[in-house]
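Okay, so here's the structure we're looking at.
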Amino acid sequence: MFSHVVRLQMHELSEQHEGLAMEGFGELLKDMPCLRRLGTLSLRAAGLAIVWEACQLEELVLDMEVQQLSQLFQLFLPLDKMQRRCTLQRLAVHMRAPDGCSTLSERTEGAICAGWHRIAKTLMAPMGFVCFSAETSQIRQTVTYQLPWLDRMRFCIDNVLYNYGRLPCSTPTEQRLPFYSAEYAQRPGGTLVTGPMRPSSEAVSSPRSSMRGRRRSVSRRRSMIAMEMIPSIMVMGLGDAAEVVK
1 MFSHVVRLQM
11 HELSEQHEGL
21 AMEGFGELLK
31 DMPCLRRLGT
41 LSLRAAGLAI
51 VWEACQLEEL
61 VLDMEVQQLS
71 QLFQLFLPLD
81 KMQRRCTLQR
91 LAVHMRAPDG
101 CSTLSERTEG
111 AICAGWHRIA
121 KTLMAPMGFV
131 CFSAETSQIR
141 QTVTYQLPWL
151 DRMRFCIDNV
161 LYNYGRLPCS
171 TPTEQRLPFY
181 SAEYAQRPGG
191 TLVTGPMRPS
201 SEAVSSPRSS
211 MRGRRRSVSR
221 RRSMIAMEMI
231 PSIMVMGLGD
241 AAEVVK
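Numbering (UniProt numbering), first residue to last: 1 to 246.
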């Protein structure tokens with residue numbers, strides 16, 4: 001019945017189901033060998049082994065809280081230990097903060113950047129990228145949302161504010177996987193960033209006026225500032241990053 005399903009989109013999968021509900025979801029995936037685009041999942045649902053062992057996904061859409069970054073990094077640890085890439089071309093990560101966001105230490109910010117960099121550079125498909133979205137504008141002031149301006153090949157930002165319970169979806173099969181270049185987006189001021197990732201006022205200047213306010217897929221370009229220039233990213237592994245941000 002589900003053997004030819006290529007895309008599965010269910011917002012219900014973003015809820016914190018447990019027990020039999022998760023077992024049922026796992027069994028459902030076993031009957032979908034052609035599944036390539038999946039959303040929108042909670043970290044608990046995304047943690048099922050079958051998502052990583054049997055599915056050949058090209059797109060995965062996650063819904064999580066900012067405090068769950070350690071759990072997300074841990075999802076990729078098995079791949080990291082095996083030094084193996086998964087098939088993901090696009091990892092869309094939507095973040096919520098029910099209790100608000102706070103400033104972090106420079107070490108924690110460095111660990112967050114190191115973890116994301118490790119995932120995007122070495123654990124996804126060779127041209128894979130991470131697309132961030134947020135529930136509130138405050139979340140965009142955290143260090144994670146500086147990454148699309150520091151590595152424009154591997155990170156991008158969906159500028160839609162998915163408030164009032166809305167969530168991003170997986171991409172319809174007839175469409176290309178969208179990449180929203182930070183080149184034409186307003187860079188967040190980083191008011192909650194304490195370390196060197198906080199941008200200067202000049203860096204936060206308005207994007208190109210010809211594209212202001214428009215949301216579109218564009219060709220990816222290399223960042224003028226390589227992520228590898230950040231010292232913490234050079235030395236911190238994914239496991240260490242997960243421990244620091246815990």
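For glycine and all other residues, C-beta sits at the position ideal for the given N, C-alpha and C.
Taking each of SER42, LEU8 and PHE25 in turn and checking the Cα distance to LEU69, the smallest one comes out for SER42. In this structure, DSSP gives VAL66 a helical state, which the three-state scheme calls helix. If you look at HIS11, you'll find it isn't in any beta strand (DSSP E); DSSP assigns it neither H nor E.
For GLU202, the secondary structure class from DSSP, reduced to helix, strand or coil, is coil. By the criterion of a C-beta distance shorter than 6 Å, PHE73 is surrounded in its chain by GLY115, LEU238, ALA241 and ALA242, once the five residues flanking it on both sides are discounted. Contact between the stretch 86 to 101 and the stretch 136 to 143 is present: three or more C-beta pairs spanning the two stretches fall below 8 Å.
Scanning SER205, ARG198 and ILE157 for the CA closest to the CA of ALA134 turns up ILE157. For GLY39, the secondary structure class from DSSP, reduced to helix, strand or coil, is strand. ASP63 and VAL193 have their C-alpha atoms some 22 Å from each other. When the alpha-carbon of GLU174 is set against those of HIS94, MET1 and ARG7, the nearest one is in ARG7. Assignment of HIS94 by DSSP, reduced to helix, strand and coil, places it in the strand class.
Looking at the DSSP output, GLU59 shares a beta bridge with ARG37 and ARG90.
Of the candidates PRO199, GLN186 and LYS121, LYS121 places its Cα closest to the Cα of LEU91.
Under the criterion of beta carbons closer than 8 Å, GLY39 and VAL61 qualify as touching, at roughly 3 Å.
Per DSSP, the continuous beta strand (DSSP E) segment holding ALA134 begins and ends at 129 to 134. Boundaries of the beta strand (DSSP E) harbouring VAL160: 155 to 161, taken from the DSSP string. Taking C-alpha positions only, ARG37 is separated from THR87 by approximately 11 Å. In this structure ARG187 is not in contact with PRO196, their Cβ atoms being roughly 15 Å apart against a cut-off of 8 Å. The C-beta separation of ALA185 from ASN159 comes to about 6 Å, placing the pair in contact by the 8 Å criterion. The beta carbon of GLU65 sits closer than 8 Å to the beta carbons of MET95, ARG96, ALA97 and PRO98 from its chain, once the five residues preceding and following it are set aside; these are given in chain order.
Here ARG44 carries a helix assignment [DSSP, helix/strand/coil]. With respect to the 7 Å criterion, PHE155 and LEU123 are not classified as neighbours on the basis of their beta carbons.
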